[in-house]
Every structure is written in structure tokens, then in C-alpha cells.
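Data first, discussion second: the structure below is written as C-alpha cells.
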Amino acid sequence: MIDEASTQWVDKRVGKKDDGSSRKLALGPFGFQRINFDLIIGQVGTVVTGIRFKHNDTEKSLNLEIQTTPITWPEDDPTAISLKPSDATWNSAHPNSTPREPLRFNDPGDPMTQKGPSMPDSVLNSYVEMTSSSYETDLGQTVVPLFDTQPVFYYEGRRWLRGVGIMHKGKPDSGGFITPSIVPASPYKSIHYHPIPTNSTVIVV
Numbered sequence: 003m004i005d006e007a008s009t010q011w012v013d014k015r016v017g018k019k020d021d022g023s024s025r026k027l028a029l030g031p032f033g034f035q036r037i038n039f040d041l042i043i044g045q046v047g048t049v050v051t052g053i054r055f056k057h058n059d060t061e062k063s064l065n066l067e068i069q070t071t072p073i074t075w076p077e078d079d080p081t082a083i084s085l086k087p088s089d090a091t092w093n094s095a096h097p098n099s100t101p102r103e104p105l106r107f108n109d110p111g112d113p114m115t116q117k118g119p120s121m122p123d124s125v126l127n128s129y130v131e132m133t134s135s136s137y138e139t140d141l142g143q144t145v146v147p148l149f150d151t152q153p154v155f156y157y158e159g160r161r162w163l164r165g166v167g168i169m170h171k172g173k174p175d176s177g178g179f180i181t182p183s184i185v186p187a188s189p190y191k192s193i194h195y196h197p198i199p200t201n202s203t204v205i206v207v
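Structural data, given as C-alpha cells:
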């Protein structure tokens, strides 16, 4: 039993935004502080057969890598395919001479309480640092951005993938979500993928 007369309202405590608590939370067992946003495309004639994250000790970042495998895809019968697992390779983002730009937040709120859909707002060759949510609206108790666990799929049915990326989506005043993007492969050699410029936004297809 609780004596109702003994209860009282306690105002929230507003901490300092530079106390480093968000970095301590974000480090976790893997020791990463940031995630790099890249879109990795396999060579013509290959498809994606694996995905993994590689830890960069210097940057304390997570970097996406994809495994690609050569595929034989006859034009007269797109269903008659065969893979060459022995020739599979792991691929990372191509080195870029331009330094990565950070995705910055302005007092980000908890993404789970935001209203309305999230929109892609990151560009290639950028990154996001894990931080704490707003002290004003969320008491800094959430590490943002969150990881989006919704499935990503091609809208015209099942397809082999030519490429995979990592991007951020959100809206103003929200920490947003880290989510994958995909590039479907085509069985027709006349269709080629055109690289996305560095300053463009990657869209989930």
C-alpha cells in the first residue's frame, strides 16, 4: 500500500547536453559511435548474396559491406539462372577523397512518438553519430537514431539485388531511423544502373 499523502510531484531534471552520456550509451559492446551512409553496387553480372557490417577501429564506426556472386542469366529464359559461389567477393564503398559530412540533429525527439511518416534525409558519403534524445521532450533517455526493423522489398515482386545501402529517414525534431535501401537487379542486359551523385538522396525502392 502507498500512503497517498506521502506522494508529491517531482520536476524533471534537465541534464547538460555535453556531459558525454550519449557517447557512453552508444558505444555498447561493439564500440561504435557512428554509422556511415553508403550505397554499394555490385559489378554487372553479379547479385547480392550476403550483407555484413565491418567495424572501423579508427573512426569507431560501422561500415556496410555486401557479398556479390557472379550469376548466369540467359536472355531467352530469365528463370534459368545459376550462381558461381566460388567467385563470390566482399565489397565495400569506394574510397572518396571528399570528407564525409555529418547528419546533424537539432534537439532530436524520440522517433517512436513522432507524428507522420519519415522521409529520407541523408546523402551518400555522410554519417550519423549516435546521440541522446531531447532533454526537453524525452529527458535524454533514448539513444537516437533508432534502427528500423520494417522489411524492405521491391514493389514489383521478388528480385535479385544488385546493391544495398544504409540511409537515414526522419522528420524535423525527430532522431529518425537508420534503414536499408536496395537496388534490384534486372534479367535484361539492356537495363543498367546509373550511379547516384554524392549530393543526392538515396530512396528506398
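In this text, residue positions in the sequence shown follow the numbering used here: the first is 3, and each later residue adds one. For every residue, glycine included, the Cβ atom is placed at its ideal position computed from N, Cα and C. Source: prediction; values computed, not measured.
With 16 or more neighbouring CB atoms inside 10 Å of its own CB, Met169 falls in the buried class. Rounded to whole angstroms, Gly172 and Thr133 show a C-alpha spacing of 15 Å.
In the DSSP assignment, Tyr129 is bridged to Asn38, Pro104.
Around the CB of Ala187, 16 or more other CB atoms lie within 10 Å, so the residue is classed as buried.
Pro119 carries a coil assignment under DSSP once its states are collapsed to helix, strand and coil.
Distances from the alpha-carbon of Gly111 to those of Leu41, Ser183, Pro174 put Pro174 closest.
For Arg164, the enclosing beta strand (DSSP E) stretches over residues 163 to 172.
Per DSSP, the continuous beta strand (DSSP E) segment holding Phe55 begins and ends at 48 to 58. Closest by C-alpha distance to Glu67, out of Val166, Asp109, Pro76, Glu103, is Val166.
When Tyr137, Gln143, Ser183 are compared, the shortest CA-CA separation from Tyr157 is found for Ser183.
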